[in-house]
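The structure appears below as structure tokens.
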Amino acid sequence: MNSPSPVEYKAKTFDLSGLTGISDKTLETHFKLYKGYVANTNTYNARIADLLEQGPITPDKMPVYSELVRRLGFEYNGMVLHEWYFGNLKKGGSPDPSANSAFRKAAEESFGSYETWKSHFANIGKLRGVGWAICYQNPANGRLSNHWISLHEEGNVAGFTPVVVMDVWEHAYLLDYAPSDRPKYIEAFFANMDWEAVESRLAR
Ligand SMILES: [Fe+2]
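So in my numbering the end of the sequence shown lands on 191, straight run, no missing numbers.
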């Protein structure tokens, strides 16, 4: 019996340029890296499908199989997190949502004030190491929570919806800022926020 071939992901294109404090060169480099995650996700899916097609995963296949499966989580999350990240930026964005925005209300309900949410989120972005700051919404109760993700895959909360997604790997800002100036990049990230995109992610 022929197994179905694995889904082939296509890299999305993002109409992003002319941002405040994040250069076009950084964006171009970053789009290339993103495409690498899409390509690797496809490669690993195909290689795993090949192994499954060949029959049982015998002990001699286990090392290769294990490594492919472990890498798949890294590549998949690298792919989708970049899509959430580019998707919450836009030219002409604004550092804060409007006074009556649903996101601001959700932040107030979850953290007492929007300002508390924002400083907490920005501080998570300053943690040492490469990874992501992500504000998720728990679909069970609507609450927001902020998390640190190591690499792309450690710390994501299963079933929660990413709402605000900030890449703090050094490749996200190194062409524009020194490694020690990550706070300046975080400020630039906020300056380009697309709050409408953020709100479209919230559960109604
Ligand atoms: Fe990145």
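Cβ coordinates follow ideal geometry from the N, Cα and C atoms, glycine included.
query, result
"Opposing strand residues paired with residue 133 [DSSP bridges]", "122"
"Check: residue 3 C-beta below 7 Å from any heavy atom of ligand 1", "no"
"Start-to-end residues for the alpha helix (DSSP H) that takes in residue 180", "It is not in any alpha helix (DSSP H) - residue 180 carries neither H nor E in the DSSP assignment."
"Beta-carbon proximity check, residue 165 vs residue 7, cutoff 8 Å", "no"
"Any residue whose CB is nearer than 6 Å to a heavy atom belonging to ligand 1, listed in chain order", "17, 20, 69, 154, 156, 158, 159"
"Buried versus exposed, by CB contacts within 10 Å (16 or more), residue 94", "buried"
"DSSP bridge partner residues for residue 152 (one or two, in chain order)", "121"
"Identity of the residue in 84, 31, 83 nearest residue 62 by Cα", "31"
"Beta-carbon proximity check, residue 181 vs residue 87, cutoff 8 Å", "no"
"Touching by the beta-carbon criterion (3+ pairs, under 8 Å), the region 129 to 137 and the region 35 to 54", "no"
"Closest Cα partner of residue 83 within the set 189, 179, 188", "179"
"Short Cβ contact (8 Å threshold) for residue 189 with residue 150", "yes"
"Residue 38 - partner residues in DSSP beta bridges", "According to DSSP, residue 38 bridges with nothing at all."
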